[in-house]
Amino acid sequence: MSNVCPLDYRYGREEMKAVFSEESRIQKQMLVEAALARAHASLGTIPQEAADEIGRVASLDVVSIDRIKEIEKDTRHDLMAMVKAMTEQCTGDAGKYVHLGATSNDIVDTATALQIKDAMEIVLEDVDNIIMTFAKIAKRERDTLEIGRTHAQFAIPITFGFKIAGYIAEMLRHRERIIEAMPRVCAGKMAGAVGTGAALGKNFFEVQKRVMKDLGLTYEPAATQVVGRDRYTEAVCIIANIATSLERYGTEVRNLQRSEIGEASEYFDVAKQVGSSTMAQKRNPMNSENVCGLARVIRGFVTPTFESQVLWHERDLSNSSTERFTLPHVFILIDEILKKMNWVFEGLEVHRDRMLEVIESSRGLVMAEPLMMKLTEKGIGRQDAHEIIRSSAMIAEDQKRHLRDVLLEREDLKGVLTEEEIITTMDAANYVGGAREIVDKMVAAAEDTVGRSVE
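Counted from 1, the sequence shown has number 36 at position 36 by our numbering; the numbering is strictly sequential.
1) Report the three-state DSSP secondary structure of G195 (helix, strand or coil).
2) Determine the contact status of M286 and E260, defining contact as a CB-CB distance below 9 Å.
3) Could you tell me which residues DSSP puts in a beta bridge with F154?
4) Assuming A102 and G192 are in contact, meaning their beta carbons sit under 8 Å apart, how far apart are those beta carbons, in whole angstroms?
5) Going by DSSP, what residue range makes up the alpha helix (DSSP H) through N255?
6) Which parts of the stretch 104-181 are runs of the alpha helix (DSSP H), unbroken and 4 residues or longer, counting only runs that do not cross its ends?
7) So, with DSSP's three-state summary, where would you put Y11?
8) Which residue wins for smallest C-alpha separation from M120, given the options E289, I137 and R177?
9) With a threshold of 16 other CB atoms inside 10 Å of the CB of E73, please say whether the residue is buried or exposed.
10) Are the CB atoms of L36 and D106 nearer to each other than 9 Å?
11) May I ask you to report which of helix, strand or coil DSSP gives A264?
12) Within its chain, find whatever has a CB closer than 6 Å to the CB of L371; leave out the 5 residues flanking it on each side and keep chain order.
13) Terminal residues of the continuous alpha helix (DSSP H) containing K213?
14) Do you know offhand how far S64's Cα is from A81's?
15) In this structure, does DSSP put Y431 in helix, strand or coil?
16) On the DSSP letters alone, give me the boundaries of the alpha helix (DSSP H) that H40 sits inside.
17) Distance, Cα to Cα, N3 vs P221?
18) Taking 7 Å as the limit between beta carbons, can you name the residues of its chain near D109, skipping five residues before and five after?
19) Take the Cβ of F301 as the centre, count every other Cβ of all protein chains shown within 10 Å, and call the residue buried at 16 or more, exposed below.
20) Could you tell me which of R324, V291, L294 and H313 sits nearest to P304, measuring between CA atoms?
21) Taking the alpha carbon of H351 as the point to measure from, which residue in A264, T251 and E397 has its own alpha carbon closest?
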């Protein structure tokens, strides 16, 4: 059979794919059935021996997927097919207690919560890794001068480490979002057909509590037939938010690697790697471009996730088919691009000399602000100082001269600024404000939060 989805043959790591595989889904559903049986037995609803037997058969080593699919051909109900297959494998009368008091989505939603929990833990590890990669770069490039840009135009100097420090701060917020959200998004239910728990009788609340404690999940306190889909929406939106940050970083790499900028670039294996099938000289930022493209795919799943919150009455089935796509794809793809973006920055080539050349290419114009502030120190009003520097900058730009030379010719500045003061003020290394200290703080925050030290 031909593969259609690129996840089958191009994107995604096996670790994350395994979380959302058919085998994982069915195994987790059987684990929920086993937890339900244990909860019943602990409350005396069913014999302990029956719960033990149900726990024994709750394994793909005992219940085969082939048998489940064979039964499903007749039942046309995947969860009931699994229940019947488990019942077949039980010895004695244990089979009659499988799925006791539950509805399908008690099992399905709780198993999904287990998948989301596993997936979120992988994403959290990925986030920690890229935070520490950023911290390493920020520390290394703490003093590396680079021009800051606004509106894609030269602004004032920063350091490259300062740029990366901003990435650390952003990813630390994402880390916090993941941790805060996990109890909300990793929630199951064991509340029956419409959430009242009627089939579980007087033990309803305790059964639900014990099942979720057994599985390490929270539970929906007021369910319908399903857990509230706002939980899934929160998870997908967090993932989409992370993906958008990664696209921002990838876009920056792509821009810095532009031929006319050339301040940083992706690692390129010059011995073997090919950039173009026809332009043999090309070194393209392909991984960063790939991250940007896949981030857009992830965001594309946000809308159907929101739509799946809107169900008729206590539940319909319109969300089911949607979620078979949305949840696996967003988690597999975010893991893919987190790993890929981490790889890009681990091998990022920072061209420090080129960064200095770019600053110098402005012929001093990027130092207009510190010159204006220096004039205010000399007693010139802020607005007048702005006009002096603005008019001088326009002359320098029009005549392709260095701003320093234009200022030295101004009669109204003689006796106000010495040549030495102008030169010192226009030294980019002297005008990065608290950039270096911000780097130090963000590196320390990364180390403290993740619990690792920068190498």
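Backbone N, C-alpha and C define an ideal beta-carbon position, used for all residues, glycine too.
Based on what the coordinates show:
1) Here residue 195 refers to the residue found at position 195 of the sequence shown. Note: G195 maps to coil in three-state DSSP.
2) As a first step, residue 286 must be located in the sequence shown, where it is residue number 286. As a first step, residue 260 must be located in the sequence shown, where it is residue number 260. Against a cut-off of 9 Å, the Cβ pair of E260 and M286 comes out as no contact.
3) Taking the sequence shown and counting its residues from 1, one reaches residue 154 at position 154. In DSSP, F154 forms a bridge with R149.
4) For the purposes of this step, residue 102 is taken as the residue at position 102 of the sequence shown. For the purposes of this step, residue 192 is taken as the residue at position 192 of the sequence shown. About 7 Å; that satisfies the 8 Å criterion.
5) Residue mapping note: residue 255 aligns to position 255 of the sequence shown, counting from 1. That run of the alpha helix (DSSP H) goes D230 to L256.
6) 104-140
7) Here residue 11 refers to the residue found at position 11 of the sequence shown. DSSP places Y11 in coil when its eight states are reduced to three.
8) As a working mapping, residue 120 is identified with position 120 in the sequence shown. With distances taken between Cα atoms, M120 lies closest to R177.
9) If you number the sequence shown from 1, residue 73 lands on position 73. The sequence as given places Lys at residue 73; Glu does not occur at that position. That one is exposed.
10) As a working note, residue 36 is residue 36 in the sequence shown. As a working note, residue 106 is residue 106 in the sequence shown. Going by C-beta atoms, L36 is nearer than 9 Å to D106.
11) The sequence position of residue 264 within the sequence shown is 264, counting from 1. Note: A264 maps to strand in three-state DSSP.
12) Along the sequence shown, read from residue 1 onward, the residue named residue 371 stands at position 371. Correct list, in chain order: I389 and T425.
13) Residue mapping note: residue 213 aligns to position 213 of the sequence shown, counting from 1. It spans F204 to L215 - the alpha helix (DSSP H) in which K213 sits, taken as one unbroken run.
14) Residue mapping note: residue 64 aligns to position 64 of the sequence shown, counting from 1. Residue mapping note: residue 81 aligns to position 81 of the sequence shown, counting from 1. Those two C-alpha atoms are separated by around 11 Å.
15) As a working mapping, residue 431 is identified with position 431 in the sequence shown. Residue state, collapsed to three classes: coil.
16) To locate residue 40, count along the sequence shown from 1; it is residue 40. Counting along the chain, the alpha helix (DSSP H) containing H40 begins and ends at E22 to S42.
17) One-based indexing of the sequence shown puts residue 3 at position 3. One-based indexing of the sequence shown puts residue 221 at position 221. Using only the alpha carbons, I get a separation of about 41 Å.
18) Your numbering for residue 109 matches position 109 in the sequence shown. G188, K189, V226 and V227.
19) Position 301 of the sequence shown, counted from the start, is the residue given in the question as residue 301. Buried, by the Cβ-count rule.
20) Taking the first residue of the sequence shown as position 1, residue 304 is located at position 304. For the residues R324, V291, L294 and H313, the minimum Cα distance to P304 belongs to R324.
21) For this step, residue 351 is matched to residue 351 along the sequence shown. Out of A264, T251 and E397, A264 has the C-alpha closest to the C-alpha of H351.
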